[in-house]
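First comes the structure, then the notes that go with it.
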Amino acid sequence: MSCLPILAFSQTQFTGWVAAFNTFKLNKDLSIHFDAQVRGTDQVQQIQSILLRPGLNWHTGKRTILTTGYAYVQNRRTISGISGLAPEHRIWQQFIYNHPLTIGSGAAARKGSFQHRLRLEQRFISKSFADGHELTHDGNVYANRIRYFFRNVTPIVPWSATGTGPFLGLQNELFINFGDKSVVNGETFDQNRAYAALGYRLHTRFDAEIGYMNQYVNGRNKAFTNNHILQLAAYVRL
-3 MSCLPILAFS QTQFTGWVAA FNTFKLNKDL SIHFDAQVRG TDQVQQIQSI LLRPGLNWHT
57 GKRTILTTGY AYVQNRRTIS GISGLAPEHR IWQQFIYNHP LTIGSGAAAR KGSFQHRLRL
117 EQRFISKSFA DGHELTHDGN VYANRIRYFF RNVTPIVPWS ATGTGPFLGL QNELFINFGD
177 KSVVNGETFD QNRAYAALGY RLHTRFDAEI GYMNQYVNGR NKAFTNNHIL QLAAYVRL
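In the working numbering, the protein residues as written are -3 to 234.
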């Protein structure tokens, strides 16, 4: 009887993401959410993902928001040496809780914010296969995922009377698979994203930031990917 060790395959990649997060107010109770993202492959040689995610927000209280929406995603896949973008459709629901966070007191007080977000996703992932020199897609597989996200925004110095100035953004998001996991990586843990950014609130309705994200992805058969990501992001609130 012999025991052979199971070796986990891992890879490290360096890439870049660009993202825009938008909120458009309809009335005191409702607003439109829309974010768009483009993500690169290793060394930003190709597009890895394109994501378009609209949703409808219901502001249930001063600090709470319920949202339902749809997402269209194109993810790069490589099958039998053939690489291409494969579509994924998602229906999603989320709950957000926001609360203020003040550091210091008096004239030196820095008034930041903290956000908790719980998101459910119903994923329809295309079944893709190599056909000649290109990928083709026929049908979908279904998967469920839950995501917990928190983000802290803290002014680096007290902001001006107009509510503008530099800030530090810190966030983390954990992704968990549930239900039939065989169609994804076969594991409960999907990925984690830790992020730190420097930003500037140019207007009470507009932020811009640049930051570093570490994305740790759990692939099939213990194939882990550690992505080092430079992200540029804009936040618009109208």
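Ideal Cβ placement from N, Cα and C applies to all residues, glycine included. From a predicted model like this one, the values you see are computed outputs, not experimental measurements.
Asked: Quick one: residues in its chain with C-beta nearer than 6 angstroms to the C-beta of residue 30, no 5 flanking neighbours on either side, listed in chain order?; Found: 18, 50
Asked: Just the C-alpha distance for residue 2 and residue 63, rounded to the nearest angstrom, thanks.; Found: Annotation note: pLDDT 47 at residue 2 (below 50); position unreliable, coordinate value reported separately. C-alpha separation (whole angstroms): 42 angstroms.
Asked: In this structure, how does DSSP classify residue 176 when only helix, strand and coil are distinguished?; Found: coil
Asked: Could you give the DSSP three-state label for residue 40: helix, strand or coil?; Found: helix
Asked: Whose C-alpha, out of 219, 170, 176, is nearest the C-alpha of residue 210?; Found: 170
Asked: Tell me which residues share the same chain as residue 229 and place their Cβ nearer than 6 angstroms to its Cβ, disregarding the 5 neighbours each side in the sequence.; Found: 15, 205
Asked: Counting C-beta neighbours from all protein chains within 10 Å, is the total for residue 153 16 or more, i.e. buried, or is it exposed?; Found: exposed
Asked: Kindly indicate which three-state DSSP category residue 80 falls into: helix, strand or coil?; Found: strand
Asked: Taking the beta carbon of residue 138 as the centre, do at least 16 other beta carbons fall within 10 Å, making it buried, or is it exposed?; Found: exposed
Asked: Report yes or no: do the segment 179 to 193 and the segment 162 to 169 share at least 3 C-beta pairs separated by less than 8 angstroms?; Found: yes
Asked: Return the residue from the list 34, 222, 83, 212 that minimises the CA-CA distance to residue 69.; Found: 83
Asked: What did DSSP end up calling residue 216 once you bin it into helix, strand or coil?; Found: helix
Asked: From the DSSP output, in three-state form, read off residue 182 for me.; Found: coil
Asked: So, are the CB atoms of residue 86 and residue 118 less than 8 angstroms apart?; Found: yes
Asked: Please name the residue, chosen from 61, 218, 158, 107, that lies closest to residue 180 on a Cα-to-Cα basis.; Found: 218
Asked: For the beta strand (DSSP E) containing residue 152, list its first residue and its last residue.; Found: That residue, residue 152, is in no beta strand (DSSP E); it is neither H nor E in DSSP.
Asked: Per DSSP, what kind of secondary structure is residue 102 in: helix, strand or coil?; Found: helix
Asked: Where do the ends of the beta strand (DSSP E) carrying residue 12 lie?; Found: 6 to 21
Asked: Please check the pair residue 150 and residue 97, which I expect to be a contact at CB under 8 angstroms, by giving their CB distance rounded to whole angstroms.; Found: 7 angstroms
Asked: DSSP three-state call for residue 47: helix, strand or coil?; Found: strand
Asked: Does DSSP classify residue 195 as helix, strand or coil?; Found: strand
Asked: Exposed or buried, residue 176, counting other C-beta atoms within 10 Å across all chains shown (16 or more means buried)?; Found: exposed
Asked: Starting from residue 65, follow the beta strand (DSSP E) in both directions and report where the run begins and ends.; Found: 60 to 75
Asked: With distances taken Cα to Cα, identify the nearest neighbour of residue 253 among 187, 222, 164.; Found: Past the edges of the chain, shown from -3 to 234, lies residue 253, and the structure says nothing about it.
Asked: Whose C-beta lies closer than 6 angstroms to the C-beta of residue 126 among residues of the same chain, with five residues either side of it excluded?; Found: 75, 76, 78
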